[in-house]
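Sequential numbering from 960 applies to the sequence shown in the numbering used here.
The structure appears below as structure tokens.
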Amino acid sequence: MDYIDLVEVFEKLEKTSKRLEKTHILSNLLKKTQKDDIEYIIYLVQGRIFPQWDQREIGMSSKLIIKVLSSVTGDSANEVEKLWSKEGDLGNVAFILIEKNKQRTLTRNTLTVKKVMENLRKLAELEGKGTVNKKVQLVSELLTSAKPIEAKFIVKNVLGILRVGIAEGIVRDAIVWAFFDKEINFDYDEKENNFIVDREKYNFYIEKVQRAYDLTNDYSKVALIIKSKGIDELAKEKLTPGNPINVMLYQKAENIEDAFKIVGKPCAFEYKYDGVRLQVSRDKNGNIKLFTRRLEDVTRQFPEVVEYVKKYIKADNFIIDSEAVGYNPKTNKYLPFQSISQRIKRKYDIKEMSKKFPVELNIFDIIYYNGANLLNETFRERRKILEKITKQEKLKLVLANQLITEDKNEAEKFFRESLAQGEEGVMAKNLEGIYKPGSRVGYGVKIKPKADTFDLVIVKAEWGEGKRSKWLTSYTVACNHNDELLEVGKVSTGLKEKSEEGVSFDQMTRLLRPLIKEEKGKNVIVKPEVIIEVGYSEIQKSPTYSSGYALRFPRVIQLRPDKSIKDIYSLEDIKKEYNKQRK
Ligand code: AMP
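Below, the structure is given as structure tokens:
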């Protein structure tokens, strides 16, 4: 496929915010796409070049792009930068400059999707001496052949700022619309922005595609299998230790009684530990890997966990689900998540960190054991296997503290004990429940004491004034609504001037600065990647924010680097809390 065909789709996607219309545009593109390009297209529309969990990054800074643009167009770096501050987006700058230089660029070859992808991937693979120059060369090669509109999107893809609003749910639906349109009797009414299908059949295919995604975490792979081998091959996708899969998520229950209603009686209550969720796998060669719930590989960051897993779990190969909880090495008392959160992204002094902020691994589930997929086993069975294969050692590796009961008073007592130990609350789990990756089904729920906080993502920020002008000091936060981000307020309190005291302005600025997409005066728009827990005193209806709600007295409680945009609260959650206030 020529790259320009994909670019035209990017443009169409940019022009609409309607989810169904986006799905329709993408599904039409997928229908037309040859097998060899399917994988590329699906990554590129999501602004990626590899699967989500892949650690490789393009690693091009805005500065370097300015250098490339200057060398390709002959404009000085100064001029490019000036235009950037006017336009606020380097993609638009690329468009303007290449358009202006049309006559000069004579070497125009037709760019294909494959060529663009190959160069982008090479960027992520370069290492060592001369890397910078080679990167400049690879991007220059693309830009000299690019039409202005192609240049715009190449730059956006290189910088990771392409946002055409294609969330995972849209990719899934588009795959079904594109490849099974006949089976589901698909019809799309453009005027009404609506689609008609045979619901039962539609859900059947959606389920199959979703399940394959839950195992692979890669819609490119899923689409390629369907296109080249057919739907039946999807069911053959296997769990493989070493490849991360989406972890199971839990709904919220109001209290113990509510929990019994959702998960049934009797059920298993467990302490809810306040740490980092780790999916731990061991392949048949004995290689151990640790992934966060965002599927980042953190094996290197938690060397002591690798050691404990080797020592205390007796099985050839497995995938287990657990929470690593920090404790104070002097007092052996548990610490809240925040104390160990810095270990997740740490690249140096790892040994020291593991001494200063050690963790205990609390294991609560197993989904693969000695070659067998346990996703469809009951929780009761899975726990039995865990009990059989683990040797517990306090402050190193233990099983989640569990109580099976149908008695409300016993459960309440267990809840209080958990809080007294410094834990967050309890989980209640259906003993007959299977393990469903990625979805909030009712097989397990969390119960926490009432705390008015939401996990939200930062979408905009503002530079401070006076002595704070070097920092971004105010943050607009958003919730999720059908893969769209809706704003719920602006937070500027709860941060500290010094990092020893908590989350500091400096720390936040360092996180947000590389994510800036657009800058106008004091205001910046950032890539929605930084998740924070926000406290508030009340929720109000408000026309100011796109969600229609605003948080009163919002404050930053803590950073949640372990969470991704998938984990933030939804508009539904906010509505629910709002309605509760009214009661
Ligand atoms: P939340 O982060 O509030 O959505 O709560 C769910 C999280 O609690 C899970 O993702 C785990 O990281 C964590 N957790 C702590 N203890 C347990 C447990 N015993 N079972 C399941 N999840 C747990």
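Here a beta-carbon is modelled for each residue, glycine too, at the ideal position from N, C-alpha and C.
Residue i: first and last residue of the uninterrupted alpha helix (DSSP H) it sits in
| i | result |
| --- | --- |
| W1012 | No alpha helix (DSSP H) contains W1012, which DSSP labels as neither H nor E. |
| R1545 | Residue 1545 lies beyond the range of the chain shown here (960 to 1542); nothing can be said about it. |
| N1482 | Premise fails: N1482 lies in the beta strand (DSSP E), 1482 to 1485, not in any alpha helix (DSSP H). |
| L1358 | Run containing L1358: none in the alpha helix (DSSP H); it sits in the beta strand (DSSP E), 1356 to 1358. |
| K1347 | 1338 to 1348 |
| G1128 | 1127 to 1138 |
| S986 | 978 to 991 |
| R1252 | Unbroken run through R1252: none, as it is neither H nor E. |
| K1446 | It should be pointed out that residue 1446 corresponds to Glu in this sequence rather than to Lys. No alpha helix (DSSP H) holds E1446; the beta strand (DSSP E) holding it covers 1443 to 1450. |
| V1549 | Residue 1549 lies beyond the stretch modelled for the chain, which goes from 960 to 1542, so this question has no answer here. |
| R1469 | 1464 to 1471 |
| N1368 | 1367 to 1379 |
Exposure label - residue i; buried when at least 16 CB within 10 Å
| i | result |
| --- | --- |
| V1091 | exposed |
| S1313 | buried |
| P1473 | exposed |
| Q993 | exposed |
| K1304 | exposed |
| S1020 | exposed |
| K1231 | buried |
| R1469 | exposed |
| G1087 | exposed |
| E1383 | buried |
| E1424 | exposed |
| D954 | Within the shown structure, residues of the chain are numbered from 960 to 1542, placing residue 954 beyond reach of any answer. |
| S1458 | exposed |
| R1015 | exposed |
| I1024 | buried |
| K1343 | exposed |
| A1105 | buried |
| G1189 | exposed |
| S1179 | buried |
Straight-line Cα distance separating residue j from residue i
| i | j | result |
| --- | --- | --- |
| S1030 | S1099 | 8 Å |
| S1533 | D1414 | In the sequence under discussion, the amino acid at residue 1533 is Ile, which differs from the Ser named in the question. The straight-line gap from Cα to Cα measures roughly 11 Å. |
| D1177 | I1524 | 17 Å |
| Y1286 | S1529 | 32 Å |
| I1309 | S1300 | 13 Å |
| L1444 | C1438 | 6 Å |
| Y1293 | D1411 | 23 Å |
| I1527 | I1490 | 8 Å |
| K1150 | K974 | 16 Å |
| F1296 | F1228 | 21 Å |
| Y999 | I963 | 14 Å |
| N1205 | K1476 | 29 Å |
| T1503 | S1044 | 27 Å |
| N1162 | I1325 | 28 Å |
| V1114 | A1331 | 45 Å |
| N1360 | G1201 | 27 Å |
| K1111 | N1482 | 23 Å |
| R1511 | Y1267 | 45 Å |
| L1174 | F1154 | 28 Å |
| V1004 | I1184 | 19 Å |
| R1339 | L1362 | 12 Å |
Residue span of the beta strand (DSSP E) that contains residue i, given as start and end
| i | result |
| --- | --- |
| F1228 | 1226 to 1231 |
| R1241 | 1235 to 1241 |
| D1414 | 1412 to 1422 |
| D1177 | That residue, D1177, is in no beta strand (DSSP E); it is neither H nor E in DSSP. |
| T1435 | 1431 to 1440 |
| Y1209 | First-last for Y1209: undefined, no H or E at that position. |
| I1326 | 1318 to 1328 |
Under 7 Å between C-beta atoms of residue i and residue j
| i | j | result |
| --- | --- | --- |
| V1462 | V1515 | yes |
| R1399 | Q1210 | yes |
| L1334 | Y1394 | yes |
| R1241 | F1277 | yes |
| I1001 | A1133 | no |
| L965 | V1072 | yes |
| L1320 | V1264 | yes |
| H983 | Y1172 | no |
| N1441 | R1158 | no |
| S1451 | S1433 | yes |
| M1207 | P1513 | no |
| E1421 | G1047 | no |
| L1349 | I1417 | Before going on, a small fix: residue 1349 reads as Thr here, not Leu. Contact flag unset, no. |
| V1447 | Y1508 | yes |
| L1431 | L1378 | no |
| P1203 | E1365 | no |
Query raised in the report: Is it a yes or a no for the region 1001 to 1021 touching the region 1242 to 1261, going by three-plus beta-carbon pairs under 8 Å?
Result: Contact holds: three or more Cβ-Cβ distances are below 8 Å.
Query raised in the report: Any contact of the region 1220 to 1227 with the region 1370 to 1388, i.e. 3+ C-beta pairs under 8 Å?
Result: A contact exists between the region 1220 to 1227 and the region 1370 to 1388.
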